[in-house]
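Engineer:
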Amino acid sequence: MDSREDDDDLAAKVKPLRIGYSSWISKGYIVAALALVLLTLLSGVLTTDLSHSSGVPVVLKYVRAFKSEMLDLKSEVELKEPDSGSLQFSNPSNASKQAGCHKDSARLKVFMYDLPSEFHYGMISEFTPKKNQIWPQNVSDIPKYPGGLYQQHSPEYWLISDLVTSDMPDRSTPCTVFRVKRWQDAGVILIPFFASLSYNKYSRAPLLRGKKLDRNQELQLNLISFLSSQPAWRASEGSNHVVVIHHPNAMLHTREKFRSVMFVVADFGRYGAEVANMAKDVVAPYKHVIPNFDEDVDAALSFKSRTTLLFFQGAIARKEGGIIRQQLYELLGEEPNIIFSNGTTSNAGIRSATAGMRQSKFCLHLAGDTPSSNRLFDAVASHCVPLIISNEIELPFEDVLNYSEFSLFVNSSDALRKGFVTDLLSNVGEKEWTRMHDRLRQVERHFQYQLPAQIGDAVHMTWEAIARKVPALTLARNKQRRYARSQFISQKIAT
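Residue numbering for the sequence shown follows the UniProt record's numbering, beginning at 1 and increasing consecutively.
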């Protein structure tokens, strides 16, 4: 039997359509096709495999054509990132309308322990408290932090001073955080320990102290003893606590006992990943040593007046990750328009670095004993575009700041290729450099520490970074509490 007879038999078995049904079915096909188009566009179920199938319905071909036209149209629209120079902070609208600091306008409520002054301001000789006095009584009583290189690791001082003054009547500026009296009302709990200053002032080498503990170690052990007796600490095992340990050697011997605490650090170069990491901790900028270059306002003029292409001054021979300094010195040390020299942290060295950065288009930031240093922030203050060669570096506020707008990054392996760095920098024209210079001028305020703090400065930005960590840490803490009752019953049964 041939195929024609099969078709005739099939046709004979099919009942004729009723009058009007054919037009209804035609409309039904149209409705179904439109519905399919809509569902496909919304769900995105089409895959590229469909385009290679010979059995694809005609309607799907129209869908693909329509989607293609939409994608082409979308590609013609320029998508721009939000300008990080005009960051929208959480509280400026309320805070800027009010004089002083108020609990209702603050971004974050913070409880701070009343630790004896020996843990904080008592380390500063200018602080002369009355008997049983722990904190300065008003803003004008806040003593100045020691100068020199102590300054670069001073975020502890600026954050604690900002919080201490938040509820003082003579505070005239808005605030990001407000100090509350009950730890149960706080988003985080601050441990007021000048850990970096303690290391700089009190630590002694083993050969000098023998088997005895130095004052820095004694304070850390006393701090642990204090915290272990506090209900707030026991309630969370420290997971809602914050401590500033900006110096890479701060609290070096007791960090393990604080692994649940949120650290404010300079980088993670001397921490194990289980002790400190970007998931729970905050990176704060160094306080730059070089003064601000406030008179450098004309980018085009600045480009022409900066005759040095690349500048670096610092210790060239370093250990561990800093070996790249010696390698780059051998590559770049004799290049024209590049200054790559040894330097010291003396006053004369700082003056020399200031002049060098202000006369250079690019300033080199290299890994040393640690991934970061204050050299990066000195470059920002000098409006010298940073060239960052440090693979392990973590940068402050990078979740809200796009550093590639005002910095250049180079992998260490590329930097060690002969001619790579000079070719890269030589290809940055005046238009691109002046754009980066303008961004440096816009963002430099985010790296300025000051008292009283201002919206958008380093103090405010660091508090904001802490506040952004709170929801995730709270979620993790609440999840840990899910089976607390079951665990209690299990332990009770076991005993």
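C-beta atoms are modelled at their ideal positions from N, C-alpha and C, and glycine is treated no differently.
Going by C-alpha distance, which of Pro371, Phe397 and Gln359 is nearest Ser382?
Structural biologist: Among Pro371, Phe397 and Gln359, the Cα nearest to that of Ser382 is on Gln359.
Engineer: According to the neighbour-count rule (16 or more other Cβ atoms, all chains shown, within 10 Å of its Cβ), is Tyr483 buried or exposed?
Structural biologist: By the 10 Å Cβ count, Tyr483 comes out exposed.
Engineer: How far does the alpha helix (DSSP H) with Ile493 in it extend, from its first residue to its last?
Structural biologist: That run of the alpha helix (DSSP H) goes Ala484 to Ala494.
Engineer: Using a Cβ-Cβ cutoff of less than 6 Å, which residues in the same chain neighbour Ile134 once the five nearest sequence positions on both sides are dropped?
Structural biologist: Here the set comprises Asp114 and Ser117.
Engineer: Could you give the distance in angstroms between the alpha-carbon of Asp72 and the alpha-carbon of Ser404?
Structural biologist: Since pLDDT at Asp72 reaches only 44, below the 50 mark, its modelled position is unreliable, and the value read off the structure follows with that caveat. Looking at the two C-alpha atoms, the distance is approximately 28 Å.
Engineer: Take Gln220 and list the residues in its own chain whose beta-carbon comes closer than 7 Å to its own, dropping the five residues that flank it on each side.
Structural biologist: Closer than 7 Å at the Cβ level, and outside the excluded window around Gln220, lie Met251, His253 and Thr254.
Engineer: Secondary structure at Pro386, three-state DSSP: helix, strand or coil?
Structural biologist: Strand.
Engineer: Taking Leu451 as the reference, which of Lys103, Ile160 and Thr307 has the closest Cα?
Structural biologist: Cα-wise, what sits closest to Leu451 is Ile160.
Engineer: Measure the alpha-carbon distance for Ser125 versus Gly272 and round it to whole angstroms.
Structural biologist: Roughly 35 Å separates the two Cα atoms.
Engineer: Ends of the alpha helix (DSSP H) at Phe362?
Structural biologist: No alpha helix (DSSP H) contains Phe362, which is instead part of the beta strand (DSSP E) from Ser360 to Leu366.
Engineer: Classify Gln184: buried if its beta carbon has 16 or more other beta carbons within 10 angstroms, exposed otherwise.
Structural biologist: By the 10 Å Cβ count, Gln184 comes out exposed.
Engineer: Going by DSSP in three states, Leu475 sits in which element: helix, strand or coil?
Structural biologist: Residue state, collapsed to three classes: helix.
Engineer: For Asn138, I'd like the list of residues in its chain whose CB is within less than 6 Å of its CB, leaving aside the five on either flank, ordered along the chain.
Structural biologist: So the list reads Met168 and Asp170, once near-sequence residues are dropped.
Engineer: With DSSP run on the structure shown, which of helix, strand or coil describes Phe194?
Structural biologist: Residue state, collapsed to three classes: coil.
Engineer: Closest to Leu473 by C-alpha separation, out of Thr434, Lys418, Val282 and Asn374, would be which residue?
Structural biologist: Closest by alpha carbon: Val282.
Engineer: Looking at the structure shown, is Met251 part of a helix, part of a strand, or coil, going by DSSP?
Structural biologist: Coil.
Engineer: Quick test of the definition: if touching needs 3 or more C-beta pairs under 8 Å, does the region 301-311 touch the region 389-401?
Structural biologist: With a cut-off of 8 Å, the region 389-401 and the region 301-311 do not count as touching, because too few Cβ pairs lie within range.
Engineer: What residues in its chain sit with their C-beta under 7 Å from that of Phe420, if we drop five residues either side in the sequence?
Structural biologist: The residues are Asp414.
Engineer: Take every Cβ of the region 363-377, pair it with every Cβ of the region 260-280, and state whether three or more of those distances are shorter than 8 Å.
Structural biologist: Because the criterion of three Cβ pairs below 8 Å is met, the region 363-377 and the region 260-280 touch.
Engineer: Using only alpha-carbon positions, find the residue among Glu237, Ile224, Ser198 and Gly122 that is nearest to Asn478.
Structural biologist: Closest by alpha carbon: Glu237.
Engineer: With a threshold of 8 Å on Cβ separation, who are the neighbours of Leu190 within its own chain once the five nearest residues in sequence on each side are excluded?
Structural biologist: Result list for Leu190: Val110, Phe111, Met112, Tyr113, Leu159, Ile160, Leu163, His241, Val242 and Val243, in chain order.
Engineer: Thinking C-beta only, is Ser198 closer than 8 Å to Asn222?
Structural biologist: Cβ atoms of Asn222 and Ser198: not closer than 8 Å.
Engineer: Quick one, are the C-beta atoms of Ile290 and Asp378 less than 8 Å apart?
Structural biologist: Yes, they are a contact pair.
Engineer: In this structure, how does DSSP classify Pro262 when only helix, strand and coil are distinguished?
Structural biologist: Here residue 262 turns out to be Met, not Pro, going by the sequence shown. Strand at Met262.
Engineer: Residues bridged to Met112 by DSSP?
Structural biologist: According to DSSP, which records beta bridges pairwise, Met112 is partnered with Leu190.
Engineer: Take the Cβ of Thr495 as the centre, count every other Cβ of all protein chains shown within 10 Å, and call the residue buried at 16 or more, exposed below.
Structural biologist: Result: exposed.
Engineer: Apart from the five residues on each side of it in sequence, which residues of its chain come closer than 7 Å, Cβ to Cβ, to Pro248?
Structural biologist: For Pro248, where only same-chain residues beyond five positions count, the Cβ hits under 7 Å are Ala266, Gly269, Arg270 and Thr370.
Engineer: Kindly identify the DSSP beta-bridge partner or partners of Thr308.
Structural biologist: The partner list for Thr308 (beta bridge, DSSP) reads Ser360.
Engineer: Distance check for Ile224 and Ala235, CA to CA, integer angstroms please.
Structural biologist: Ala235 and Ile224: Cα-Cα distance of roughly 15 Å.
Engineer: For residue 496 and Leu364, I'd like the C-alpha separation in whole angstroms.
Structural biologist: Because the chain spans 1 through 495 in this model, residue 496 falls outside it and cannot be assessed.
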